[in-house]
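These protein sequence lines are chains A and B, in that order. With the first letter of the first sequence counted as 1, position 139 gets the number 1290 in our numbering; the numbers rise by one all the way through. With the first letter of the second sequence counted as 1, position 66 gets the number 1065 in our numbering; the numbers rise by one all the way through. All C-beta atoms, glycine included, are put in the ideal place defined by N, C-alpha and C. Here's the structure we're looking at; comments come further down.
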Amino acid sequence: MAKWIKFIGKRIIYMLVTILLISSVTFFLMQKLPGSPYGNEEKITSAQKKVMNERYGLDKPVAEQYLLYMAGIARGDFGISLQFGDQPVGKIIAARIGPSVQLGIQAIILGTVVGIILGIISAMFQNTWIDTSTSLTAILGRSVPNFVFAVLLQLIFAIHLQWLPIGLWDQGFYSTVLPTIALSFAPMADAARFVRTEMIDVLHSDFIELARATGIGEWEIAARHGLRNAVIPLITILGPMVASLLVGSLVIEKIFAVPGIGEQFIKSILSNDYFTIMGLTILYSALLVAVILVVDILYVLIDPRIRLSEGDEE
Amino acid sequence: MGKIKRKVMMLVGALFVVSSLVGCGANTSGDDASSNKKSASNLADKQVLNWIATVELPTADSVKEYDTASSEQIDIFAEGLYKINGENEPVPAIADGRPKATNDKKTEYTINIKKGLKWSNGDPLTAKDFVFAWQRLFDPKTAAQNASTYFNIKNAQAINEGKKDKSELGIKALSDTKLQVNLEYPDAYFEETLSDENLFPQNEKFVTAKGDKYGSSSENTLSNGPFVLTDWDGTGLTWKYKKNKNYWDKKNIKLDQINVQVVKETATGINLYQDGTVDAAALSGDFIKQYKDDPGYKKVLALRATNLELGTSSNKDLQNENLRKALSLSIDRNELVNNVLADGSRAATGAIPKGIAKSPKDGTDFADAAGNLVQHDSAKAKQLWNKAKKELGKNKVSFTLLTTDDDVSKDVGEYLQSQIETALPGVKINLSNVPAKVRFQKMMSYKFDLALGGWTGDFDPVSYLNQFYSTFEHNHAKFNDPKYDQLIDKIKTKDLTDLNHRWEDLLTAQKYLLDKQVVIPLDQGAENYLVNTKVKGIVTHNLGAPLDITRAYFVK
């Protein structure tokens, strides 16, 4: 137990340092963005700009702005969004993150479950037409951009069959089905590819031969011995994918008119909405390092070859 | 597959465009006002409009608003002294009658306000609410981005720059129903200016109580217009309007409720429209061609002038007038709007777009009165280019054309490149596609060759011409001609006493500008919509927001 506390405690400290580094670098890089954060840039005068810079504290030296911003973060104040009528960034993120997270979680679950099943089937029927067709599905899922799927899904299931809404966020779970499926193709394809390769590897190893010799059925071997081993590399690639899915997808949210956070990041960068850029960068990096921590913990739990050692490698 | 991918990519590209359009409109609403009476019996039982918007509502604070997305919405729940009707003319809204000039210079006016007006919370709406809102507009603490548009109000600029106290602003409440406004110089389009959302009244008690939160959600916003804003959380993709019981003209408001849904993807919007989920859709790109014969199609010309801007001050070659003229003559604007843009845009005929002003004498539109000042003539272009070559002493010139990196701007850039290079052998155009903020920055540094830019003026044609006034900051060409400046000064001051003469001077100034080819006008943008044919009473106009849905109603 003490080992665990030490392990996790250390990781959390690294996490905080990482987030601090990322946000500091972003803050200073952001100053290099051309133009001002004011939307009416085409018509604004320089005298007005000066007045507004004073109002928003953007006339201060960058170092001072940085310290003020960090002090604000420590108090839980993420600043205001200039493209959203000076509303607090925290409020904007809080209001828009929900749908993105919901879609992200649903897509990850659907994608990995289907992907793992496809991967196992592929591996079990290696080099048959079943393998070829599932592999082809996986390649398509990976290489065709998800907005193509989104438009096709919308066309087939909403417009022609009229089973599901075209878009909007007003019918509860029904509204989430098509965007979830559209988002799930990438994790599905990745999961299927990895699980297939790993399964084939594992199924040819000696201990599986031994299991076969004891007379256990192929499917049971695959489920009990193969899958556990095959899933480990999957966890590595799923980590970053979870993080990126949770923060939303610009295109999917646009196509289905979902009130998510996906578009805000791009929009804030294009409009120099400094505090929104910072808020979302911090959110994104926090999610990413948190996911990495979870992956590390899962590794220890799933793979008995990795053990918590007193010294830890470092 | 590649083809499908490209198509879908085009769709996605198109949606970036629609959100960036700024617009106003042409009057295409002949059916509306007149049919109002006779159709009263034909009214449908359910009067709930499912409306659309293409971007979120950035702010509901009328003072801070600076974009079409906000002004369109604010017009639904708030109202100012005047409003623009379907003929692009100002009519009294909150005001009782027209403004009365009280001095000879026409810089002091009194305006009466209707009696017994109320805010949606029941508070009385008085002249003081205008004084408060206007002072707030120029208060540097508010940081209102559109403040400079109204620097003609006495002391506004000094207040905005922190040099004077806001109490010195040229507005006074003489009584609860009487306002006095002082201007720096006369304004030929004073009533139109007063219809702008930034000059709407605000309730001091309410705004002060809400502080920084004012206009950030429906609870934090007060209405005085036909409808009350509800169910808006400040960032969401949906909100509603309910009929305002305290509105002075409520008997003419037939809709009980308007539900607004933001749909950014054009294709999704059209699907929702055809499915009956919403009563309107915004069109863009290829969809316009597809739906332009649909009975629900509506096009509204915007007052955005897109120009090929010339960095005359930094590029020596462009200082040659014959070369500038050759460039302009080599561009086929009809092909540009019909085949390249194909979005309902109008080929420019001058520096001032169509629909902004009518002749005081006979009501002719300014653009029609001016005639076509930007011809396409490849032969003449070549001739002038040959002359320019001799004058410049070289056979080859090359320019970098700066455009924003969205699909439409890139297409226009490529089109201009091919037109110019084909018509004028020896002229080389290099394209530089950059983010909008970078383009603005380069243009404001006055160091560029050619740039695809534009201007959306105010209510007065002179606001387009003023762009080339020597000391104006956004005079990207740094055009400096005392004769032109004098003419603009005259239009802005002396001419105000004789509007017919002013009209002539406006025509002269535009011609002077284009004779020297200080700028190369290209096109005038348009907004395109599909609207449920059962919905009547929508008013379209060029000035202000393109569509006014406040008096809309459903027929059976």
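If you reduce the DSSP assignment to three classes, tell me which class residue i lands in.
| i | result |
| --- | --- |
| Tyr1246(B) | coil |
| Ser1148(A) | Nothing can be reported for residue 1148(A): it is not among the residues displayed for chain A, which extend from 1152 to 1465. |
| Phe1015(B) | In this predicted model, Phe1015(B) has a pLDDT of only 38, less than 50, meaning its place in the structure is not dependable; the value taken from the coordinates is given anyway. Three-state DSSP puts Phe1015(B) in a helix. |
| Val1554(B) | strand |
| Tyr1468(B) | coil |
| Gln1523(B) | strand |
| Thr1539(B) | strand |
| Thr1305(B) | strand |
| Val1396(B) | strand |
| Asn1159(B) | helix |
| Gln1453(B) | It is Gly, not Gln, that sits at residue 1453(B) in the sequence shown. Strand, per DSSP. |
| Trp1314(A) | coil |
| Ile1231(A) | strand |
| Pro1089(B) | strand |
| Asn1154(B) | coil |
| Leu1415(B) | helix |
| Thr1327(A) | helix |
| Asn1191(A) | coil |
| Ser1028(B) | In this prediction, Ser1028(B) scores a pLDDT of 41, lower than 50, which makes its location untrustworthy; no coordinate-derived value is stated. |
| Pro1294(B) | coil |
| Trp1133(B) | helix |
| Thr1109(B) | strand |
| Trp1238(B) | strand |
| Ile1073(B) | helix |
| Pro1481(B) | helix |
| Pro1123(B) | strand |
| Asp1341(A) | helix |
Kindly list, in the order they appear in chain A, the residues whose Cβ is closer than 8 Å to that of residue i.
| i | result |
| --- | --- |
| Tyr1065(B) | Gly1190, Asn1191 |
| Lys1263(B) | Lys1405, Ala1408, Glu1414 |
| Asn1531(B) | Those do not exist, as Asn1531(B) stays about 16 Å from chain A at its closest Cβ, beyond 8 Å. |
For residue i and residue j, which I take to be in contact (beta-carbon distance under 8 Å), what is that distance rounded to the nearest angstrom?
| i | j | result |
| --- | --- | --- |
| Val1180(B) | Ile1110(B) | 7 Å |
| Phe1467(B) | Thr1192(B) | Actually they are not in contact, since the Cβ atoms of Phe1467(B) and Thr1192(B) sit about 22 Å apart, beyond 8 Å. |
| Phe1336(A) | Phe1308(A) | With 8 Å as the limit, Phe1336(A) and Phe1308(A) do not qualify as a contact, their Cβ atoms being about 15 Å apart. |
| Val1518(B) | Asn1337(B) | At roughly 22 Å, the Cβ-Cβ gap does not stay under 8 Å, so Val1518(B) and Asn1337(B) are not in contact. |
| Ser1329(B) | Gln1418(B) | 6 Å |
Mind pulling the chain A residues with CB within less than 9 Å of residue i?
| i | result |
| --- | --- |
| Gln1256(B) | Within chain A, no residue comes near Gln1256(B); the closest Cβ sits about 15 Å away, beyond 9 Å. |
| Gly1306(B) | Here the sequence assigns Asn to residue 1306(B), which means Gly is not the residue at that position. Here the premise fails: no neighbours, minimum Cβ distance about 12 Å. |
| Thr1276(B) | Pro1316, Ile1317, Gly1318, Leu1319 |
List, in order along the chain, the chain A residues whose C-beta lies closer than 7 Å to that of residue i?
| i | result |
| --- | --- |
| Gly1235(B) | Ala1246, Pro1410 |
| Ala1146(B) | Gln1199 |
| Leu1271(B) | Ile1317, Gly1318 |
| Thr1403(B) | Near Thr1403(B) there are no residues of chain A at all, since even the closest Cβ is about 11 Å away, more than 7 Å. |
| Pro943(B) | Since the first and last residues shown for chain B are 1000 and 1555, residue 943(B) lies out of range. |
| Asp1060(B) | Gly1236 |
Name, please, each residue of chain B whose Cβ falls closer than 9 Å to the Cβ of residue i.
| i | result |
| --- | --- |
| Arg1206(A) | Pro1139, Lys1140, Thr1141, Ala1142 |
| Gln1305(A) | Ala1266, Thr1267, Asn1270 |
| Ile1243(A) | Gly1233, Thr1234 |
| Ile1310(A) | Asn1270, Gln1273, Asp1274 |
Cβ closer than 8 Å: which chain B residues qualify as neighbours of residue i?
| i | result |
| --- | --- |
| Leu1209(A) | By Cβ distance, chain B contributes nothing, its closest Cβ being about 11 Å from Leu1209(A), past 8 Å. |
| Val1202(A) | Pro1139, Ala1142, Asn1159, Glu1160, Gly1161 |
Check whether the Cβ of residue i lies closer than 7 Å to any heavy atom of the ligand GTP, and answer yes or no.
| i | result |
| --- | --- |
| Ala1422(B) | Here there are no bound small molecules, and the ligand GTP is not part of this structure. |
Could you tell me which chain B residues have their CB closer than 7 Å to the CB of residue i, listed as they occur along the chain?
| i | result |
| --- | --- |
| Thr1196(A) | Ser1147, Glu1472 |
Using a C-beta to C-beta distance shorter than 7 Å, which residues of chain D count as neighbours of residue i?
| i | result |
| --- | --- |
| Leu1421(A) | Absent here is chain D; the protein component of the structure consists of chains A and B. |
Q: Check distances from the C-beta atoms of the region 1426-1442 of chain B to those of chain A and list, in chain order, the residues that come in under 8 Å.
A: Pro1434, Ala1435, Lys1436, Val1437, Phe1439, Gln1440
Q. Given 8 Å as the limit, is there contact between the region 1395-1412 of chain B and the region 1446-1456 of chain B, that is, 3 or more CB pairs closer than that?
A. yes
Q | chain B contacts from the region 1213-1240 of chain A (Cβ-Cβ distance under 7 Å) | A | Gln1234, Phe1235, Gly1236, Asp1237, Gln1238
Q: Give a yes or no on contact between the region 1312-1319 of chain B and the region 1380-1399 of chain B, applying the rule of three or more CB pairs nearer than 8 Å.
A: yes
(Q) Beta carbons nearer than 9 Å to chain A: which residues of the region 1212-1230 of chain B have them? (A) Lys1212, Gly1214, Ser1215, Ser1216
Q.
Closer than 8 Å is the cut-off here; do at least three beta carbon pairs connect the region 1211-1225 of chain B with the region 1071-1082 of chain B?
A. yes
Q) Any residues in the region 1155-1187 of chain A with a beta carbon nearer than 9 Å to a beta carbon of chain B? Which ones, in chain order? A) Leu1184, Pro1185, Gly1186, Ser1187
Q: Count the CB pairs spanning the region 1183-1190 of chain B and the region 1100-1114 of chain B that are closer than 8 Å, and state whether there are at least three.
A: yes
Q. Does the region 1228-1245 of chain B come close enough to the region 1126-1140 of chain B to have 3 or more Cβ pairs within less than 8 Å?
A. no
Q.
Can you confirm whether the region 1245-1261 of chain B touches the region 1048-1063 of chain B when touching is taken to mean that 3 or more C-beta pairs between the two stretches lie within less than 8 Å?
A. yes
Q. When Cβ atoms are compared, which residues of the region 1331-1350 of chain B fall closer than 7 Å to chain A?
A. none
Q.
Would you call the region 1373-1388 of chain A in contact with the region 1333-1347 of chain A, where contact means no fewer than 3 C-beta pairs closer than 8 Å?
A. yes
Q) Three or more C-beta pairs closer than 8 Å, one from the region 1295-1309 of chain B and one from the region 1513-1533 of chain B: is that the case here? A) yes
Q. Do the region 1164-1179 of chain B and the region 1223-1232 of chain A meet, that is, are 3 or more Cβ pairs less than 8 Å apart?
A. no
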